[in-house]
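Reviewing the structure listed below.
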Amino acid sequence: MSRKNITALDVALEELRHTANLMGLDQEIVRYLKNPHCTFTVDIPVRMDDGELRFFTGYRVQHNSALGPCKGGTRFHPDETLDDVKALAFWMTVKNSLAGLRAGGGKGGIVVDPLKLSQRELEQLSRGYIRALFRILGPQMDIPGPDVGTPPQVMAWFTDEYELLAQKRIPAAIAGKPPALGGSLGRSKATSAGLVYSLLELLRLKNDALPGKRVCIQGFGNVGGNAARILAEHGAVIVGLCDVSGGVYAPEGIDVKAALAHVTKNGVIKGLSGYEAINAEAIFGLPCDILVPAALQNQIHEDNATEIQASIVVEGANGPSTPAAESILLKKGCLVLPDIAANAGGTVVSYFEMVQNLYGFDWTEEEVLARLEDVMSRTCRTVYILAMEKNITLRSAAWIVAIGRVAETMRMRGWVRTTPPAA
Ligand code: NAD
Numbered sequence: 036m037s038r039k040n041i042t043a044l045d046v047a048l049e050e051l052r053h054t055a056n057l058m059g060l061d062q063e064i065v066r067y068l069k070n071p072h073c074t075f076t077v078d079i080p081v082r083m084d085d086g087e088l089r090f091f092t093g094y095r096v097q098h099n100s101a102l103g104p105c106k107g108g109t110r111f112h113p114d115e116t117l118d119d120v121k122a123l124a125f126w127m128t129v130k131n132s133l134a135g136l137r138a139g140g141g142k143g144g145i146v147v148d149p150l151k152l153s154q155r156e157l158e159q160l161s162r163g164y165i166r167a168l169f170r171i172l173g174p175q176m177d178i179p180g181p182d183v184g185t186p187p188q189v190m191a192w193f194t195d196e197y198e199l200l201a202q203k204r205i206p207a208a209i210a211g212k213p214p215a216l217g218g219s220l221g222r223s224k225a226t227s228a229g230l231v232y233s234l235l236e237l238l239r240l241k242n243d244a245l246p247g248k249r250v251c252i253q254g255f256g257n258v259g260g261n262a263a264r265i266l267a268e269h270g271a272v273i274v275g276l277c278d279v280s281g282g283v284y285a286p287e288g289i290d291v292k293a294a295l296a297h298v299t300k301n302g303v304i305k306g307l308s309g310y311e312a313i314n315a316e317a318i319f320g321l322p323c324d325i326l327v328p329a330a331l332q333n334q335i336h337e338d339n340a341t342e343i344q345a346s347i348v349v350e351g352a353n354g355p356s357t358p359a360a361e362s363i364l365l366k367k368g369c370l371v372l373p374d375i376a377a378n379a380g381g382t383v384v385s386y387f388e389m390v391q392n393l394y395g396f397d398w399t400e401e402e403v404l405a406r407l408e409d410v411m412s413r414t415c416r417t418v419y420i421l422a423m424e425k426n427i428t429l430r431s432a433a434w435i436v437a438i439g440r441v442a443e444t445m446r447m448r449g450w451v452r453t454t455p456p457a458a
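Going by the numbering used here, the residue at position 93 of the sequence shown is 128; the numbering climbs one at a time, nothing skipped.
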């Protein structure tokens, strides 16, 4: 299938097919995982500032709840499709399982460009989404959190609307809230901190280290921006950065704090002075040791994978590399630390947030990050050791661990009648 029409769902189902073959997984389990448990499509009315009544399409997909309540982010994006939400919900089932969380996979989204709405319109839309889905959400059923286009303010409106409808305080119903509403300290940087903990563990396992490594990052939002800052704090040299507007290259290193300040002021990287300006797509051809795709899915494909010079790709985004691209990278000797292992920090800290909300704890940021480091390093180690033992890719190893746990739980629950595959 050409990259022009490959979707995130095609990629997710291909990953399932490949894992099922490697594990000799029973077809009943494959059939359960191929399709989500439930799919909800809602029309959300919003009275716009100019008086017009507009309807926005929203989705929530509950993929699998064998391990626990569904849990996953909410994406506000103009190109959002139901198939993309299904793929992202599936990846949440796999990611939550791999991280050892008692949570299943869910994901949601609204087809909207949030930058084109006023704050009042965005608030109405966010509250309307929760009103439309209220009955299927809750700490024991399905817990939405943030994703692309949904900053903590949106989670605050989600929480307030949910609690108004429930007529009680249930902060555990929504993840990624601001700390004032019960959000966990460390949540905003959790995905990036987790990515760095995984990378540090991978380098340790390879008897290597981060200081001095040249890093390029695609995407300079929550994940890419925080990853750049934390990687630089650990001694990496950030030589290339880009967002949707374009990027910059500097072999001697970019001042990440100045780049973040520029984006805070101007909204985009374009116009950051003092460095060579590049097109966003050029990020993949730059000389570097480590590449972090942290934008959207299917960004690394068969047409640009050959240009990549990095020896390690750490997937910050969900599904950033197509299977064809990964084959090209692997043939070149490049190690790919897959999304489900590398970017699980956000869901792990969202889970910590739920635990704190349910028990009335307030952990310090140091406590949160120490627990996160433990989960991320342990996961990376488990995946790396299995990959070495079986001579398979890190992605295959990660999927085998994750699907194995979900499959075992489904068997124990009696959802499928099969004997476990041979070890
Ligand atoms: P964000 O909206 O904060 O940032 C996205 C960035 O990608 C922006 O800088 C944007 O300009 C850039 N971008 C978009 N299209 C691009 C393109 N074609 N070329 C270059 N840059 C482009 O989103 P985020 O929260 O940082 O999420 C990024 C990715 O990480 C997504 O795939 C998301 O699903 C995944 N992710 C996010 C979290 C989280 O906690 N935020 C957790 C796990 C995974």
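All C-beta atoms, glycine included, are put in the ideal place defined by N, C-alpha and C.
Is residue i buried or exposed, if buried means 16 or more other CB atoms sit within 10 Å of its CB?
i, result
"Ile-145", "buried"
"Asp-177", "buried"
"His-297", "buried"
"Ala-124", "buried"
"Ala-138", "buried"
"Pro-113", "exposed"
"Val-441", "buried"
"Ala-55", "buried"
"Leu-341", "The displayed chain sequence assigns Thr, not Leu, to residue 341. So Thr-341 ends up on the exposed side."
"Gln-97", "buried"
"Met-36", "With a pLDDT of 49 at Met-36, under the threshold of 50, the modelled position of that residue is not reliable, and no figure is offered here."
"Ser-223", "buried"
"Leu-220", "buried"
"Gln-334", "buried"
"Thr-185", "buried"
"Phe-387", "buried"
"Asp-148", "exposed"
"Met-58", "buried"
"Ser-153", "exposed"
"Thr-414", "buried"
Terminal residues of the continuous alpha helix (DSSP H) containing residue i?
i, result
"Pro-149", "Per DSSP, Pro-149 belongs to no alpha helix (DSSP H) and is neither H nor E."
"Ile-435", "429-448"
"Val-9", "Any answer about residue 9 is impossible in this case: the structure gives the chain only from 36 up to 458."
"Tyr-232", "225-240"
"Ile-420", "400-425"
"Tyr-164", "154-168"
"Pro-257", "As written in the sequence, residue 257 is Asn, which differs from the Pro given in the question. Here the alpha helix (DSSP H) through Asn-257 covers 257-268."
"Ala-191", "187-201"
"Leu-68", "62-69"
Would you kindly report the start and end of the unbroken beta strand (DSSP E) that includes residue i?
i, result
"Lys-106", "105-112"
"Asn-378", "It is not in any beta strand (DSSP E) - Asn-378 carries neither H nor E in the DSSP assignment."
"Asp-278", "272-278"
"Cys-369", "It is not in any beta strand (DSSP E) - Cys-369 carries neither H nor E in the DSSP assignment."
"His-53", "Looking at the DSSP string, His-53 is not in any beta strand (DSSP E); the run it does join, the alpha helix (DSSP H), is 43-58."
"Asn-301", "Note, Asn-301: premise wrong, no beta strand (DSSP E); alpha helix (DSSP H) at 291-301."
"Ala-312", "311-313"
"Gly-93", "88-99"
"Ile-252", "249-253"
"Val-461", "Any property of residue 461 remains undetermined from this structure, which presents the chain solely from 36 to 458."
"Val-283", "281-284"
Relative to the alpha-carbon of residue i, which residue among the options has its alpha-carbon at the smallest distance?
i, options, result
"Pro-104", "Trp-192, Ala-208, Ala-191", "Ala-208"
"Ala-210", "Leu-199, Val-189, Lys-203", "Val-189"
"Val-384", "Pro-373, Thr-444, Ala-225", "Ala-225"
"Glu-268", "Asn-257, Leu-245, Asn-333, Ile-252", "Leu-245"
"Arg-406", "Ala-422, Pro-355, Ala-379", "Ala-379"
"Ala-359", "Glu-350, Ala-352, Asp-338", "Asp-338"
"Ile-79", "Asp-118, Gly-93, Cys-73", "Gly-93"
"Gly-275", "Phe-169, Ile-343, Leu-44", "Ile-343"
"Thr-194", "Leu-230, Ser-161, Asp-182, Ile-318", "Ser-161"
"Val-183", "Asp-278, Ile-289, Phe-111", "Phe-111"
"Val-46", "Leu-117, Met-83, Ala-122", "Ala-122"
"Lys-130", "Met-447, Gly-351, Leu-370, Ile-363", "Gly-351"
"Phe-91", "Glu-115, Gly-259, Asn-99, Pro-181", "Glu-115"
"Leu-68", "Leu-102, Asp-409, Val-81", "Leu-102"
"Asp-85", "Glu-156, Leu-57, Leu-133", "Glu-156"
"Val-418", "Lys-106, Pro-214, Gly-135, Val-258", "Gly-135"
"Lys-203", "Ala-271, Lys-106, Gly-173", "Gly-173"
"Pro-181", "Ser-227, Arg-170, Gly-108, Ser-132", "Gly-108"
"Gly-362", "Thr-382, Asn-353, Ala-377, His-336", "Per the sequence shown, the amino acid found at residue 362 is Ser instead of Gly. Selected option, being the one with the closest Cα: His-336."
"Trp-192", "Leu-168, Gly-163, Val-403", "Gly-163"
"Cys-323", "Ala-294, Gly-288, Leu-295, Asn-301", "Gly-288"
"Lys-248", "Gly-259, Gly-229, Ala-271, Gly-260", "Ala-271"
Checklist entry - Can you find at least 3 beta carbon pairs, one from the segment 303-313 and one from the segment 276-285, that sit closer than 8 Å? => result yes
Next on the checklist: Using a Cβ distance threshold of 8 Å, determine whether the segment 381-398 contacts the segment 416-434, with at least three qualifying pairs required.
Outcome noted: no
Checklist entry - How do the segment 226-238 and the segment 344-353 stand: do at least 3 beta-carbon pairs fall below 8 Å, yes or no? => result yes
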